[in-house]
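Trainee:
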Amino acid sequence: MKYNSGIRARTNQIGIVSLIICVGLYLTLFGKNAYLLSIGNFIAIYSIFAVATGYLFGYGRQIVLSGAGFYAIGAYGSALLTTKLVQLNPWLSMALTAIGTGLIAFIISFPVFKLKHLFFAMVTMVFGFVTLDLLRQVRGVTGGLAGIPGITPLSIAGFAFNTELRFYCLIWGVALIVLIIFMNIIDSKEGRALRAIGSDEIAAEASGVDATKYLVRAFVISAFFISIAGSFYAHYVRYVDPYLSVLDVAVLVIIMLVIGGTETVWSGVVGAAIIVFLSEGLREVVPFLGLVAGPYEKIFYGLLLILVIIFAPRGLLPSIRKFLYPPKGTELK
Amino acid sequence: MIGQLVILGISSGAIYALLAGGLVLVFNVTRIVNFSHGQWVVIGALTYCSLMESMGTLPAMVTAALITCIIGGLVYRFVIGWVAGASFVPQVMLTIALAFFTEGIALVIWGKEPRSAPPFSSGEPIAVFGTLISQQSLWVLGTMIVALASIWVFLKYTLIGKAMNACAVNRMAARVVGIRPDYMGVVSFGMSGLLGAIAGFTYLPLQAMEYNSGMAYTLKAFIAAIIGGMGSFGGAVLGGFALGIAESLGAGLIASGYKDTIGFLAMTAIIFYRVMRMSTK
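Line order of the protein sequences matches chains G and E.
According to our numbering, the first sequence is numbered sequentially starting from 1.
According to our numbering, the second sequence is numbered sequentially starting from 334.
#1: Under 7 angstroms Cβ to Cβ from residue 161/G, same chain only, skipping five residues before and after it: list those, please.
#2: Count the other CB atoms, across all protein chains shown, that sit within 10 Å of the CB of residue 298/G; report buried if there are 16 or more and exposed otherwise.
#3: Within 10 angstroms of its Cβ, does residue 13/G collect 16 or more other Cβ (buried), or is it exposed?
#4: Quick one: is residue 365/E buried, meaning 16 or more other Cβ sit within 10 Å of its Cβ, or exposed?
#5: Cα-Cα, which of 147/G, 185/G, 37/G, 228/G is closest to residue 241/G?
#6: Taking 8 angstroms as the cut-off, does the region 370 to 378 of chain E touch the region 347 to 358 of chain E (at least 3 CB pairs, one atom from each stretch)?
#7: Under 7 angstroms Cβ-Cβ, which residues of chain E neighbour residue 123/G?
#8: Counting Cβ pairs closer than 8 angstroms, one from the region 459 to 471 of chain E and one from the region 381 to 401 of chain E, do we hit at least three?
#9: Can you name the residues of chain G whose CB is closer than 9 angstroms to the CB of residue 381/E?
#10: Using the Cβ count rule (16 or more neighbours within 10 Å means buried), how would you classify residue 588/E?
#11: Which chain G residues are close to residue 555/E, counting only those with a beta carbon under 7 angstroms from its beta carbon?
#12: Return the CA-CA distance between residue 65/G and residue 102/G, expressed in angstroms with no decimal places.
#13: How many angstroms separate the CA atom of residue 359/E from the CA atom of residue 558/E?
#14: By the DSSP assignment, the beta strand (DSSP E) with residue 461/E in it spans what residues?
#15: From this set, 115/G, 38/G, 74/G, 296/G, which residue's C-alpha is nearest residue 611/E's C-alpha?
#16: Taking C-beta to C-beta, are residue 252/G and residue 301/G nearer than 9 angstroms?
#17: Quick test of your reading: residue 336/E and residue 578/E, contact by CB under 8 angstroms. State the CB separation rounded to the nearest angstrom.
#18: What residues match up with residue 155/G in a beta bridge as DSSP calls it?
#19: Alpha carbon to alpha carbon, how far is residue 277/G from residue 187/G? Give it in angstroms, no decimals.
#20: Taking the DSSP output, what are the residues bridged to residue 351/E?
#21: Starting from residue 466/E, follow its DSSP beta bridges and name the residues at the other end.
#22: Residue 159/G: buried (16+ other C-beta within 10 angstroms of its C-beta) or exposed?
#23: At which residues does the alpha helix (DSSP H) containing residue 390/G begin and terminate?
#24: Is residue 601/E buried or exposed, if buried means 16 or more other CB atoms sit within 10 Å of its CB?
#25: Spell out whether any CB of chain E is found under 9 angstroms from the CB atom of residue 251/G.
#26: Is there a Cβ from chain E that is less than 9 angstroms from the Cβ of residue 63/G?
#27: So for residue 438/E, helix, strand or coil by DSSP?
#28: Using CA coordinates, which residue listed in 112/G, 27/G, 79/G, 111/G is at the minimum distance from residue 96/G?
#29: Does residue 397/E pass the burial test, meaning 16 or more other C-beta atoms within 10 Å, or should it be called exposed?
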């Protein structure tokens, strides 16, 4: 292995401390600005989404494009369980939805993990696509294109997280917990097996790792947390419609991971921050320069991704880490 | 009713066949799965649309096809060639990045409005066996047959075509006899650009296009190529027709909202059928 777990543990400690500092600094600097706070909230939601996707994409080296589907199931599940079907407690509905999404992932994983590379990518994408299509077509339950309005905000013991500021504190707390959970999973037996499969599936099987078993588990774990990100989205925006997560979101998350670098949990957070700031920030800054906002967004994503893949194929974070902690001795290619 | 739907399906199927053919050509020669393939359609169609009024129909077509062809070759030479030897994940990500990038450029050049073009020949639809065929559908079919036949002749009888075949069969052995796989990659990307552009401007009178239509065509090309076996040129062409007819029948007989879902589910069923058959052998 390239970096031993001691270095990873140190990186994680530095990361947690600097994340808390960054989040706190952002809060003290922009705490009065609702727009900038909402950008912070979306970064946190996308971070959870990206970290959960990155567990399977970055460590297991599988191109999973089903994220949009699980995200939509999480958002719609929460929306339906708190407004239309029954009026459950938001936290209970979130937990039920996440467990349900995990079950769905478990069921579809049996056929899906028989496939490799292109076919795996295409079939997981089909799952996301068909889910969204069903949400559009089954109008009686999901409201069709109009979506579901009026979702209750989250609350603990009567304290509702209904302002940008309150939600900001809540969602970054949750994001930090999810990050710590994933750090521990990655260093556990599950994560070791998944890393072995990612670097060489045949070698891993030869050393007694049941590849399908661990990939299925990773798929379920990642679906569970993506669903939670979707539920938080629903309770934050308090409105869901079928456009909340088109294919673009699934691709965007993968782009976040590639830009951040796929071999650390931090890539999700860094990638989410870069993408959300680029899209929102460009919208703010570029018209100021006398240009139209929309068009340049995609050029920037595309160009950034092309440059990262060509010049820093391992992603930005591993390149920085390699610069900070150069590997000792000769490196095997 | 059903005859009419089949005719509609055949004309969109011809476009899918052209696209899937180009995709498979690139895949065979370079082993790259090109997620930006549908962008050639958009570039070709919109370039044709801009040039048509000033240049006339035929010169605009030739120019649009040549421009797309050259862009295709340049893209391989300067961008995709970098990851020619890399693994599957970076290759796919790079082509997705390219799709985003071209979409952005297309939005800057052509704006957000969907564009269409007048049909190549104006006239009444022709009645065959009681079903009406629009003249543009015949143009689409005719162009597809000519384009695919010339590609087939090119691959079978010219030196470069044979060299591309050699690359597809065995890259290492091709290098041993003095063929440069990089050069063949450039040629194959250029040809896929050419095919995509041809599909774009012949289909434009039937279906308006805008800057972000590319990804949808990429997906159709993938579905058709996978139905045809991902790797066989003839299979991809047949897959294109099968997809076009299935979509049009599904949209007409079940519900038009499920048109895309039908194509996706057909592809999924075929993937699993192949996997099951392989594992029982």
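Quick reminder that beta carbons are idealized off the backbone N, C-alpha and C, glycines included.
Mentor: Put simply:
#1: The sequence position of residue 161/G within the first sequence is 161, counting from 1. The residues are 153, 154, 155, 167, 170.
#2: Mapped onto the first sequence, residue 298/G falls at position 298. Residue 298/G is buried by the Cβ-count criterion.
#3: Working through the first sequence from its first residue, we reach residue 13/G at position 13. So residue 13/G ends up on the exposed side.
#4: In the second sequence, counting from the first residue as 1, residue 365/E sits at position 32. By the neighbour-count rule (16 or more Cβ atoms within 10 Å), residue 365/E is buried.
#5: As a first step, residue 241/G must be located in the first sequence, where it is residue number 241. Measuring from the Cα of residue 241/G, the nearest candidate turns out to be 147/G.
#6: With the cut-off at 8 angstroms, the region 347 to 358 of chain E and the region 370 to 378 of chain E touch.
#7: Within the first sequence, residue 123/G is the residue found at index 123, counting from 1. Within chain E, the residues near residue 123/G are 601, 604.
#8: In short, these stretches do not touch, since the Cβ pair count stays below three.
#9: On the second sequence, position 48 is the one that residue 381/E refers to. In chain order: nothing, as chain G lies at least about 21 angstroms away.
#10: What you label residue 588/E is simply residue 255 of the second sequence in a count that begins at 1. By the neighbour-count rule (16 or more Cβ atoms within 10 Å), residue 588/E is not buried but exposed.
#11: Residue 555/E sits at position 222 when you count from the first residue of the second sequence. Those are 122, listed as they occur along chain G.
#12: The sequence position of residue 65/G within the first sequence is 65, counting from 1. The sequence position of residue 102/G within the first sequence is 102, counting from 1. Cα to Cα, residue 65/G sits roughly 16 angstroms from residue 102/G.
#13: As a working note, residue 359/E is residue 26 in the second sequence. As a working note, residue 558/E is residue 225 in the second sequence. Between residue 359/E and residue 558/E, the C-alpha separation is close to 12 angstroms.
#14: Within the second sequence, numbered from 1, the residue matching residue 461/E stands at position 128. 459 to 461 is the extent of the beta strand (DSSP E) around residue 461/E.
#15: Residue 611/E sits at position 278 when you count from the first residue of the second sequence. Answer by Cα proximity: 115/G.
#16: Within the first sequence, numbered from 1, the residue matching residue 252/G stands at position 252. Within the first sequence, numbered from 1, the residue matching residue 301/G stands at position 301. A Cβ-Cβ contact shorter than 9 angstroms links residue 252/G with residue 301/G.
#17: Stepping through the second sequence from its first residue, residue 336/E is reached at position 3. Stepping through the second sequence from its first residue, residue 578/E is reached at position 245. Residue 336/E to residue 578/E, Cβ: 11 angstroms. No contact.
#18: Taking the first sequence and counting its residues from 1, one reaches residue 155/G at position 155. For residue 155/G, the beta-bridge partners assigned by DSSP are 160/G.
#19: Looking up residue 187/G in the first sequence gives position 187. Looking up residue 277/G in the first sequence gives position 277. Cα to Cα, residue 187/G sits roughly 31 angstroms from residue 277/G.
#20: Here residue 351/E refers to the residue found at position 18 of the second sequence. Answer is none; residue 351/E lacks a bridge partner.
#21: Taking the first residue of the second sequence as 1, we reach residue 466/E at position 133. Residue 466/E pairs with 459/E.
#22: Mapped onto the first sequence, residue 159/G falls at position 159. So residue 159/G counts as exposed.
#23: Because chain G here runs from 1 to 333, residue 390/G falls outside it and cannot be looked at.
#24: As a first step, residue 601/E must be located in the second sequence, where it is residue number 268. Result: buried.
#25: Within the first sequence, numbered from 1, the residue matching residue 251/G stands at position 251. Yes, contact with chain E.
#26: Along the first sequence, one-based indexing puts residue 63/G at 63. Residue 63/G counts as touching chain E.
#27: Start at 1 with the first residue of the second sequence, and residue 438/E comes out as number 105. Of the three classes helix, strand and coil, the one that applies to residue 438/E here is helix, per DSSP.
#28: Sequence index remark: in the first sequence, residue 96/G carries index 96 (1-based). Considering only alpha carbons, the answer is 79/G.
#29: As a first step, residue 397/E must be located in the second sequence, where it is residue number 64. With 16 or more Cβ atoms within 10 Å of its Cβ, residue 397/E is classed as buried.
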